[in-house]
């Protein structure tokens, strides 16, 4: 018998305000056609004034727990992947823990920018297979609209707000790649590339700052590193792109998604794409896409799913799981 971290429920939440591409024409030199052609994005959601990352995360968490048929008291650990926590401290995770009425267990944040959910999921998997927890709620949540420089047309049009969550629970497997649950993970980072994607402010610099990005260089690294990490994770369990039922990539840019799928030898009709409706929601993008993919009827029980993401750091990684 092999212990596996299996997905029991998924859920997501998007703020009410929908911002179409055309709205940006009011304050920056851009157009709907320009945004669509370069990113594939058509619209995104922005959090309301006073609506925080932990608010979004709590909504998504409740949806995932409902989907799993569980209560907050059933959760042993709660992880929030985010770069936009409400406060410097305490963690957004403890705020969600309190909002859910979860009076036991433990909660903490993971910060790996757009790769945050992959890193959080890998940590949750390790906690389950080591026996530290039986049920872990993993959430990706962001309010990236609060980090935008609205005069920068190269970045301000790309990002949105939202949250997605999954419930992981310990289950039994036979130790083969036919098991349900997380089968392999691959995590990477390289701080030499920190200036390609960053926020030019923070606590120790006494400023909030804005997001800055070298778009062409990020694109190049993304396609190369996402395909490589997926191949590495699949190789650990003796599988290839031909075995994959669904890729659920970080939803940053449609051109990156298409190029990565091509490198992996996976056709686009086996890729879950939500970037057109959500924009880049950083750590929230993969759990959002997982939840939407299930709602659409795309992802089904026993499907082999590869998730992959890259973000500031640079940090990147992948998880292979059987639904």
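In this note's numbering, the protein residues as written are 16 to 338. Ideal placement from N, C-alpha and C gives every residue a C-beta, glycine not left out.
Would DSSP call residue i helix, strand or coil?
i	result
residue 50	helix
residue 215	coil
residue 192	coil
residue 86	coil
residue 256	helix
residue 271	helix
residue 108	helix
residue 10	The structure shown does not extend to residue 10, since the chain is modelled only from 16 through 338, so no value can be given for it.
residue 181	strand
residue 27	strand
residue 220	helix
residue 284	helix
residue 187	strand
residue 148	coil
residue 2	Beyond the ends of the chain as shown, which are 16 and 338, falls residue 2; an answer cannot be given.
residue 296	coil
residue 128	helix
residue 248	helix
residue 101	coil
residue 153	strand
residue 201	strand
Thinking C-beta only, is residue j closer than 7 Å to residue i?
i	j	result
residue 175	residue 27	no
residue 196	residue 179	no
residue 125	residue 139	no
residue 112	residue 150	no
residue 216	residue 223	yes
residue 135	residue 108	no
residue 181	residue 324	no
residue 45	residue 172	yes
residue 267	residue 127	no
residue 291	residue 57	yes
residue 157	residue 73	no
residue 265	residue 177	no
residue 214	residue 162	yes
residue 233	residue 211	yes
residue 130	residue 326	yes
Under 8 Å Cβ to Cβ from residue i, same chain only, skipping five residues before and after it: list those, please.
i	result
residue 32	60, 61, 62 and 63
residue 261	285, 286, 287, 308, 313, 314, 318, 319, 320 and 321
residue 235	none
residue 194	17, 19, 188 and 337
Please list the terminal residues of the continuous beta strand (DSSP E) segment that includes residue i.
i	result
residue 228	226 to 228
residue 60	58 to 61
residue 95	92 to 96
residue 162	Note, residue 162: premise wrong, no beta strand (DSSP E); not H, not E.
residue 336	330 to 337
residue 173	Note, residue 173: premise wrong, no beta strand (DSSP E); not H, not E.
residue 326	319 to 326
residue 32	32 to 35
residue 262	261 to 264
May I ask which residues mark the beginning and end of the alpha helix (DSSP H) holding residue i?
i	result
residue 292	290 to 293
residue 302	300 to 310
residue 123	Counting along the chain, residue 123 falls outside any alpha helix (DSSP H), though it belongs to the beta strand (DSSP E) covering 121 to 125.
residue 131	131 to 144
Does any residue of chain C bring its CB to less than 7 Å from the CB of residue i?
i	result
residue 196	Absence of chain C from the displayed structure is noted, only one protein chain being present.
Looking only at its own chain, which residues have a Cβ that is under 6 Å from the Cβ of residue i, when we skip the five neighbours before and after it?
i	result
residue 144	18
residue 121	92
residue 164	225
residue 200	137 and 334
residue 247	201
residue 6	Because the chain in this structure spans residues 16 to 338, residue 6 falls outside the shown range and cannot be described.
Spatial neighbours of residue i within its chain, please: CB distance less than 7 Å, with the 5 preceding and 5 following residues excluded, ordered by chain position.
i	result
residue 82	24, 25 and 26
residue 123	94, 106 and 108
residue 16	187
residue 198	192, 252, 335, 336 and 337
residue 168	43, 44 and 45
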